[in-house]
Structure formats: C-alpha cells, structure tokens
Amino acid sequence: MSYVPEIRPTPASANLETVVARVGEVVLGKEPQVRLALACLLARGHLLIEDLPGVGKTTLAHVLARALGLDFSRIQFTSDLLPADILGVSVYQTQTRDFHFHPGPIFAQLVLADEINRATPKTQSALLEAMEERQVTADGVTQKLPAPFFVIATQNPLHLIGTFPLPESQLDRFLMRIDMGYPDRQAERALLKGRDRRELLNDMAPVINGDVLLSWQKRVGHVHCSDALLDYVQDVLEATRASTQFTNGLSPRAGLALMHAAQAWALLEGRDMVLPEDVQAVAPSVIAHRLRPAEGSSEQSVEAKIKQLLESVAIP
Amino acid sequence: MKLERLGLNSLLLTALLVLATRAPSLPLWLTLACAGALMWRFAIHSYGWPAPHRLLRLSLTVIAVAATVAHFGTVLGRDAGSALLATLLALKLLELRRPRDVLVAVLLCYLLLLTGFLYEQSLWLAAYSVLVVWLSIVTLILINQPNLRSARYGLRLATVLLAKALPLALAMFLLFPRVEGNLWGLPTATGSAITGLSDVMQPGSVHRLTVSDTPAFRVEFEGEAPKPAQLYWRALVLSQTDGTRWVRGESPALTPDSATQFPYHGPPLKYRITLEANDRPWLPVLDLPILAPPNSRPQWGYVYEYRQPVRERLSYTLASYLRYHTGPLASAEKRRALQLPDKLSPRVQALAQFWRANASDDLAVAQAALAYFRREPFFYTLHPPALGADPVDEFLFSSRRGFCGHFAASFVTLMRAASVPSRVVQGYLGGEYNPAGNYWIVRQSDAHAWAEIWLPKHGWLRVDPTAAVAPERVELGIDAVRQLELSGVRLGRLPAEALRKLIELGVVAQSWRTLRLYWDATNLAWHRWVLSYDRQRQQYLLSSLHLPALSWRGLLLVLVLALLCGLLALAAFTRRARPTDAAHALYRRYCNKLARVGLARAPNEGPLSFARRSAAARPDLKAEVDAVTELYMGLRYTRDCGIEHLRALRRRVWRFQPGRTSPRSLADAKAGEDARQ
Chain Y
1 MSYVPEIRPT PASANLETVV ARVGEVVLGK EPQVRLALAC LLARGHLLIE
51 DLPGVGKTTL AHVLARALGL DFSRIQFTSD LLPADILGVS VYQTQTRDFH
101 FHPGPIFAQL VLADEINRAT PKTQSALLEA MEERQVTADG VTQKLPAPFF
151 VIATQNPLHL IGTFPLPESQ LDRFLMRIDM GYPDRQAERA LLKGRDRREL
201 LNDMAPVING DVLLSWQKRV GHVHCSDALL DYVQDVLEAT RASTQFTNGL
251 SPRAGLALMH AAQAWALLEG RDMVLPEDVQ AVAPSVIAHR LRPAEGSSEQ
301 SVEAKIKQLL ESVAIP
Chain P
1 MKLERLGLNS LLLTALLVLA TRAPSLPLWL TLACAGALMW RFAIHSYGWP
51 APHRLLRLSL TVIAVAATVA HFGTVLGRDA GSALLATLLA LKLLELRRPR
101 DVLVAVLLCY LLLLTGFLYE QSLWLAAYSV LVVWLSIVTL ILINQPNLRS
151 ARYGLRLATV LLAKALPLAL AMFLLFPRVE GNLWGLPTAT GSAITGLSDV
201 MQPGSVHRLT VSDTPAFRVE FEGEAPKPAQ LYWRALVLSQ TDGTRWVRGE
251 SPALTPDSAT QFPYHGPPLK YRITLEANDR PWLPVLDLPI LAPPNSRPQW
301 GYVYEYRQPV RERLSYTLAS YLRYHTGPLA SAEKRRALQL PDKLSPRVQA
351 LAQFWRANAS DDLAVAQAAL AYFRREPFFY TLHPPALGAD PVDEFLFSSR
401 RGFCGHFAAS FVTLMRAASV PSRVVQGYLG GEYNPAGNYW IVRQSDAHAW
451 AEIWLPKHGW LRVDPTAAVA PERVELGIDA VRQLELSGVR LGRLPAEALR
501 KLIELGVVAQ SWRTLRLYWD ATNLAWHRWV LSYDRQRQQY LLSSLHLPAL
551 SWRGLLLVLV LALLCGLLAL AAFTRRARPT DAAHALYRRY CNKLARVGLA
601 RAPNEGPLSF ARRSAAARPD LKAEVDAVTE LYMGLRYTRD CGIEHLRALR
651 RRVWRFQPGR TSPRSLADAK AGEDARQ
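Chain order of the listed sequences is Y and P. If you're matching positions, the first sequence starts at 1 in this note's numbering and goes up one per residue. If you're matching positions, the second sequence starts at 1 in this note's numbering and goes up one per residue.
Quick look at the structure:
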C-alpha cells in the first residue's frame, strides 16, 4: 500500500523511549509524569512539581539529569536563602586585585529548586528571572547559563506552614505543573522490595548527552502544526476565555506554551505532526496553574474544570 | 486484469435490456441468436463453459454478418443498421477478455439503444434508456474496479456520475444548435397512418360506425375556452354529390384575399393545435382563422391543406373568430353550392318545393327543415341500417335512423333542392377537456359532419341538423352517445339531467380516466418541450433569458467556449481546493458509518484515540480503521500530503463497511473462541 503516508519514526523517538524506560526503572509507576517532564524539557520549558514530600519529586529530577547526561545541581530553598546563594557571588581576589565571579548552583544544566515556596519572594524572583532570561547578571557582568537549561522546581502544597506561595505571574514562567501522587499498590510494592533508589541512580548510565538533547529541542520546533490543529488550539483558548468557571482566560503566551508543549509531546510520541490528542494530553498540565477558579463557580478542582472544558471543545 | 463476474453479469443485464427494446424490429432468427449468445456468455463465466475458440468466433462473425446482410439486402438504413449492431453486440459478448472488450460492448449497447429512437421517441423509451445508461455505467465501474467488494458502491457512484452529468446534458440539449426539421429527421413509415376523416362521404353504405379513441389533435386555448357545443373544428368542405357520395369536387379559383379576408366581430380566440400524424393533409381549424397555418394552402370554404400529408406530429398556433360575415357569393361558388344529383327523388323535390313556397326567405326554409327533423320520428344512432340506391330519399322517408353524415347529407340536399346555397362540412365536434394539462383532446371518434348554408344577410352560416335530432351529441359528446346506445336509451327523448345521471362514471372508471388524462398531458409536454424543441423554441428561450439571438454557428461557438471555460475552471478549482477539507468531509462520513454500528465519535475525540477505541471494540476492522485514520491524519495534520492520498482515503472510506463482517474476520473470531475454550 504505497499510498499510505509512512509516518517515519524519527531517530529521536527511539532514544526517547529508551529514556522513558530507563527513568521508569527508577521512578516506578509514574510514566505519565515522566513523559510530561520530558515533554516540558524538550519544549525548553521549566517544570513545577507540586506534591507532598517523599513522593519522588527529587528522585525524578535526579534520574532525568542522569539519564539525559546533564550536570545536575540542587538548591534547597529555605526562608533565609538569598539570591546570591543561587546565582553566585563576586569575591575580591587579592592577587589580581579585582572581583572574581563564583558561579552559584544555578549554573548547571538541570537545576532542582527544592521546595521553592519556602524561600522569600525576593529569592524566588531571582531564580525565576534567571529561568526566563537564561542568563545571570551580577555586579554588571552578564553570565550565560549553560544550554540546555532546565529547572525543576518542587513546591509543597500551600496549606503547609511557613511557605510563600508563588504569585500567578511567576507561576506563568513554568511551562507545566504536574502532581506526582502516591504510587499505586503494585509500584509501591516494587519500591519496597527493590534496591535503594540512590544506588540504582548511581549505577545508571546516561542514555544521551546535552548536545543530543539540544538537537531534539530544535526538532520540536519543526513538528508540524496544521491549520486544522491551530483551529483547535484557538478553540480551546477561546473556551477558557468564554467560560464562567475561571476569572480570566488564557493569555496568548499560554497559547504558545500549549502549542510548544503539544509539539514536544508529539515528538515524544514519535510523530512529526501535532494531533488534537497531543494538545489534550498536555493541556491540563500546561493550563491548570494559569487559571484561577472564579468566585462563586462550582466547588470542583481546577483540574476537573479543565477536563470538562476540554470535553466541551469539539475538534474541528 | 481478470474480469469480475459481477461486472460481467451487469454487462449481460445491460445488453439484455437493450436487445429487448430492439427485439420486435429484429428478425426472429437474429433475436434467438442474440439470446443464445447471452446465455453462452453467462455459462462461460458462471459455469466455466469454454469460451469459443478464435476460429469459431471468426466463422460465427462471418456467418452472422453475411446472414444479416442477406436478410436485409443492404447494411444501410434503419432496420439493417440496427440488426447489424445487434449482431455485433452478440458476437462481442462471446469475446470478453479485457476491460477494453467490455467498453466496446457497452458502446455497442449505446448505439443500439440510440437506434431505438429512430423507431419511436416516447417518454417510456427515454426513461428506459436512462435506466440502461445508468446500468452501463455501473458495469464500467465494476469492470474497472475489480477489487470492489460490493455492487452497492458501484450503483451509488453511477448515480452520482449521472447526476453530475445532468446539468451538462441539459445545457447541451437547450443550447446545442438545432437544425430545421424533426428531432431525428426521419419520416415515419406511411403504413402506420391512422384512419380519420375521408374526403369521400357515403353515409348510406355505412351501417356501423367504427369509432377509434385515437387522439386526432390536442388544443390549448389562450384564455377561456368556448363551450363544447361551440367547438366545431372544420377540416373539409364537401360540395359535390351524385346522390350517394359527397366529395370536394372542383374548387372554384381562389384569390388569396377571398380565402382569408372577411369582416369579423368580437375578440379573436387564440389557440395552439398539436395535430397527430394521420397521413392526411387537412388541418382542422376552429371556425374561421384570420391567418392560414404555416406551410398550408387555403382551400375553398376557409379550410386549409398542408403541403403534404401529415406524417409526424405538427403544431400550429391560430387566432379564430367565431362571429364573422363571409360576404357575397361569387357566381361560380353559387353554382357549386347549388349542385344537385342528376336524379333527384320526386318526394325530396316536392318536400323542398313545399317549404320554398311557404317560406318568406332562405332562413325560414332551413328552419322548416330542422323542424321537420325534430317533428318526424328521426333517431340518431351509430348503427344505422344500410341504404340502397337513393339513400337521401330512403333516409328521409323510411329508415329515419342515422348519424351525423346522414343528417348533413339529407339536409344539404333538401336545401339545394329549395335553392338555398349549402354544403357539407366535415371535421370534429367538441373534445375532452384535460384539466391536468389545461387542454382539449379531440379524438378520431369526435369526427362529425354538419351543414353550412349561405344567407345574404349572414354569409355562410353553420347549421347542424344532428343537433335538432340529438342535442346530446353536441352537448355531451360522442362518449355519452356511445354509452347511451349501449344501455339502450333512445337519443333525443330524455331531459339532460337524466342523461347526465345515466352516463355518470363509477369511481374506478373515473380514476382510470383521470390517470389517462394525466398521462396524456405528460406525453404532450414531452412532445412540446423535448421532441418539438426546435430552433424557434430555442430562440424564444434565449430571448426570454435576455440573451441575444444567435445563428447556429454562434451558438456552437458559445457552447464550445463555455465548455472549455467550464473545464478550465473545474481544473483550477480542483487544484486549488484544499485537500484537507475534503479529507475532513470524508472522515466525517467514515465516522458516520462507524456511528451506525454503535461506535460514535465524541466531538472532542481525536482521530487517534477514536481509532484505538474502534479497533478495541471491533478488532476485525482494525486494519481498515488504521489505514483510514493514518490517511486522514496525514491529510489533515501534516504539511505535504497530496491529492493521491485524498483519493486513497476516498476509496477506503467509500468501501468501508463496518456493518458487514468479512468472512475472514468471522473465522478469526471463531478461532479465538475455540482457543479460549
């Protein structure tokens, strides 16, 4: 059947599957989250993971860094953490009689910002600016951050004591927000029976390296969004704006984010074109933290509302 | 490429239907030979009979063609030509190996079908032909797409193709340059002439009037139609008699003016007559028309003769006056109008002289004669006794039973004997109104004869002696008279109300009559708008569309240019059309098909998820579903997917039949069940 268009598996996809599989060996029963995290990474976005301590947020970040061959640094946010602790400091060098910049932990390809909502807003914004600009300016000197650059921030649910919730404008800087959730029974049993995660991690060999990841990120931009697909994306955006369930609709930036994330997801699925399913797959993670339930709207969670909204938008 | 049995059967059916129309005009041996060829062909692909060897085919061809030529003595002409085509078709059926052969056979079918129109151009044949053409298209589709799983697809595609071709066919029909003459330009065979009026009237020798229901002509009035009793359709004037026969006789010389010019009163009555072929040249007209029908010669007595016997339907539009004055009578005309047989019976002469002596003027003489008919026991009947050597005398004084011819002939003889100029007029009286088409049908059975007398005050004046005896004939029409005769009622003696009650029709007869009238109206419309669509009508159509009148060359040029423009536009349009949209339409169709088997796609369900769900629900469809989905996704969501993919998608969607489970998938399912057990 020569006329059936052959959807060639992109060379990237095979390896991507390997990455997913390798990460899945350590982070058990969390394949959707792993895929979303990878998609976020491929789309050059940053990821916010929100959940209780101990469900594997840190492990996920660590494993991703390992599998992708990225250098990894971890910043534990506390209430007394200062911006310089993240970005780095210039120290006076007596020999050369000038200031020498000592890069902070942010100068890594994959940064885990643990419990970001424990730090003061000043420190938070220093991180977020760096995330956005992909460069750090200290004492008038601009330093480029490494590429690829990917931040995974974790956040405790807001009702815990001693936290500074991220304002919405800052949340917008994250491409996706995901929940880890408890593992299911089977996965938990495997976790309990298996070797220590840390040991596993140390034994793990990287599947690819940063350069390959960069080339993949470039490919994401080439995944085709047809007019029909863009019609659908716009329909979704309009639905959020018309809905009475949310205070505001999605911004154009959110629309771009949705499209990029869908492109990355499509690449992850081994396709070179975006399908409505890709949009649907990433939409909850991309949209949920950008929308606020309107006052007086129903008591459902934002996630449930988004699910309803996606069900109401027909695919043109 | 191997030929599919389904396609071959469809071809055989097409050929059978075509040959069936031709069978009546083919020699019997040829009809049998064609039937034999059809059966052989059927046996070849159904029961594995051997196909005829090449040498056998060759000799069969030579024999069949030679026999056809020998039978007709020529290969030219209608009969020989269609017989030869039938022979070729039958032979071609024995030699079907490739799609090309089927194409040739189908083309032969078309030609043979066309020859049918050389024999008749009825609405039935046209409808039948459309059916056959449709079937032939189905055949071609089935033959050219051998891996088609069902014939239904072929039927549907053929319908779509025909529907698409319809506007073009209509435009071609309306705009194609018309040559003068009939649609097929072939004269009808003269043997099929219908007996109607005759220019010899001999009432005494007829003892039984055979009445034919065949329509003589149809009339459409512009505006209100006159009363049935006023519908005297004049066709022939008989002025010479030898006592038993009435003939036209030598006509006095006519000047064009005297034929058509006369003073008249009141508004003219406009109408259009569609005359059936009758092999006679006389054109019936209502009273006195002011202009002669086209291509006709005026005759003495304001009647018209066509330039040749009417052998095909003829339409003409006229304007007539019912009140007129024909002016003075020339001496030659007067001589003619007073001519009497050499031997006139003394009784007749005496009767006429008696009236003459007692009357003040000619009109009083005529009135006396009518009073005589009324007073004496005259009866109107369609079954009069035969009369002898002097029919007028016998009829007037002894038999006293007869129909219009008897009354008219006797009346005129009496008038002439009393020196009143008079003549017999033959034509038709009345007609049947058809409400379905708002026109009148005048049948051959409506033929009638009446008299005209000349009075100085009025000119020629119509006098119908039959009306004096049997007013029912004039008022109710010939049908009523026939019915009354059958039920044994004497005419002229019953009040009109009672008569009406007697001839009232039952429900079945009434609906049958209505049905016939509707069918007649349809046929007339078919004739008017299709068969007699000529240059004149074409120009009329163009002018009513505010288009300039064009010569046939101009029209042909415009047609060709329009066709080219249309094709270019079509090409440009199809190239520019976004295949994605067409793909979407096709995909929706596919979804509808699945919805019919209970697999409805949710509006927010993407193609991939839907495919997974469908395949999970119906594993037997998985391959088809995957193929369609892949093609659709390619067309709708990727950058470069060409028209060939769209075609592939169309093919698959059309063929997609989730309602049917293929035998193989059933077997698979069964095997799976067995394995589970």
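Cβ atoms here follow ideal geometry from the backbone N, Cα and C, with glycine treated the same way.
Residue i versus chain Y: which residues are under 7 Å apart at the beta carbon?
{"i": "glycine 606 of chain P", "result": "Leu275, Pro276, Glu277, Gln280, Ile315"}
{"i": "arginine 636 of chain P", "result": "Ser226, Ala228"}
{"i": "arginine 639 of chain P", "result": "His224"}
{"i": "serine 609 of chain P", "result": "Glu277"}
How far does the alpha helix (DSSP H) with residue i in it extend, from its first residue to its last?
{"i": "aspartate 272 of chain Y", "result": "That residue, aspartate 272 of chain Y, is in no alpha helix (DSSP H); it is neither H nor E in DSSP."}
{"i": "methionine 180 of chain Y", "result": "Unbroken run through methionine 180 of chain Y: none, as it is neither H nor E."}
{"i": "alanine 61 of chain Y", "result": "57 to 68"}
{"i": "tryptophan 49 of chain P", "result": "Per DSSP, tryptophan 49 of chain P belongs to no alpha helix (DSSP H) and is neither H nor E."}
{"i": "valine 65 of chain P", "result": "54 to 72"}
{"i": "asparagine 9 of chain P", "result": "5 to 22"}
Return no unless some Cβ of chain P is closer than 8 Å to the Cβ of residue i.
{"i": "histidine 260 of chain Y", "result": "no"}
{"i": "leucine 237 of chain Y", "result": "no"}
{"i": "serine 285 of chain Y", "result": "no"}
{"i": "glutamate 199 of chain Y", "result": "no"}
{"i": "glutamate 17 of chain Y", "result": "no"}
{"i": "leucine 268 of chain Y", "result": "no"}
{"i": "serine 297 of chain Y", "result": "no"}
Would you say residue i faces chain Y, with C-beta separation under 8 Å as the test?
{"i": "arginine 100 of chain P", "result": "no"}
{"i": "arginine 655 of chain P", "result": "no"}
{"i": "methionine 172 of chain P", "result": "no"}
{"i": "leucine 11 of chain P", "result": "no"}
For residue i, which of the options has the nearest alpha-carbon?
{"i": "glycine 154 of chain P", "options": "P:Ser296, P:Ala165, P:Met172, P:Trp134", "result": "P:Trp134"}
{"i": "arginine 650 of chain P", "options": "P:Arg612, P:Asp581, P:Tyr232, P:Thr87", "result": "P:Asp581"}
{"i": "isoleucine 315 of chain Y", "options": "P:Arg636, P:Trp246, P:Pro603", "result": "P:Pro603"}
{"i": "methionine 259 of chain Y", "options": "Y:Gln280, Y:Asn248, Y:Glu269", "result": "Y:Gln280"}
{"i": "leucine 32 of chain P", "options": "P:Ala80, P:Gly81, P:Thr87", "result": "P:Thr87"}
{"i": "proline 183 of chain Y", "options": "Y:Gly24, Y:Leu82, Y:Thr18", "result": "Y:Gly24"}
{"i": "methionine 415 of chain P", "options": "P:Pro27, P:Arg528, P:Val392, P:Ala216", "result": "P:Val392"}
{"i": "alanine 130 of chain Y", "options": "Y:Arg97, Y:Pro165, Y:Phe174, Y:Asn117", "result": "Y:Phe174"}
{"i": "alanine 51 of chain P", "options": "P:Leu94, P:Leu275, P:Leu26, P:Trp654", "result": "P:Leu94"}
{"i": "tryptophan 300 of chain P", "options": "P:Leu123, P:Val424, P:Phe656", "result": "P:Val424"}
{"i": "asparagine 523 of chain P", "options": "P:Leu594, P:Ala470, P:Ile441, P:Glu472", "result": "P:Ile441"}
{"i": "cysteine 109 of chain P", "options": "P:Lys227, P:Ser122, P:Ala83", "result": "P:Ala83"}
May I have the straight-line CA-CA distance separating residue i from residue j, to the nearest angstrom?
{"i": "histidine 448 of chain P", "j": "alanine 359 of chain P", "result": "29 Å"}
{"i": "valine 18 of chain P", "j": "isoleucine 44 of chain P", "result": "21 Å"}
{"i": "valine 106 of chain P", "j": "leucine 11 of chain P", "result": "7 Å"}
{"i": "tyrosine 372 of chain P", "j": "serine 410 of chain P", "result": "12 Å"}
{"i": "glycine 162 of chain Y", "j": "phenylalanine 246 of chain Y", "result": "28 Å"}
{"i": "tyrosine 533 of chain P", "j": "proline 281 of chain P", "result": "23 Å"}
{"i": "arginine 234 of chain P", "j": "leucine 113 of chain P", "result": "41 Å"}
{"i": "aspartate 203 of chain Y", "j": "aspartate 196 of chain Y", "result": "11 Å"}
{"i": "histidine 100 of chain Y", "j": "arginine 253 of chain Y", "result": "38 Å"}
{"i": "arginine 589 of chain P", "j": "proline 276 of chain Y", "result": "19 Å"}
{"i": "phenylalanine 42 of chain P", "j": "leucine 89 of chain P", "result": "15 Å"}
{"i": "arginine 601 of chain P", "j": "asparagine 248 of chain Y", "result": "31 Å"}
{"i": "leucine 81 of chain Y", "j": "arginine 74 of chain Y", "result": "13 Å"}
{"i": "glycine 223 of chain P", "j": "leucine 231 of chain P", "result": "15 Å"}
{"i": "asparagine 156 of chain Y", "j": "serine 614 of chain P", "result": "41 Å"}
Given that residue i touches chain P, what residues does it touch there, using C-beta distances under 7 Å?
{"i": "leucine 310 of chain Y", "result": "Asn604"}
How is the beta strand (DSSP E) around residue i delimited, first residue to last?
{"i": "isoleucine 49 of chain Y", "result": "47 to 50"}
{"i": "serine 511 of chain P", "result": "Taken as a continuous stretch (DSSP letters only), serine 511 of chain P belongs to no beta strand (DSSP E), being part of the alpha helix (DSSP H) at 507 to 526."}
{"i": "lysine 30 of chain Y", "result": "No beta strand (DSSP E) holds lysine 30 of chain Y; DSSP gives it neither H nor E."}
{"i": "valine 425 of chain P", "result": "422 to 429"}
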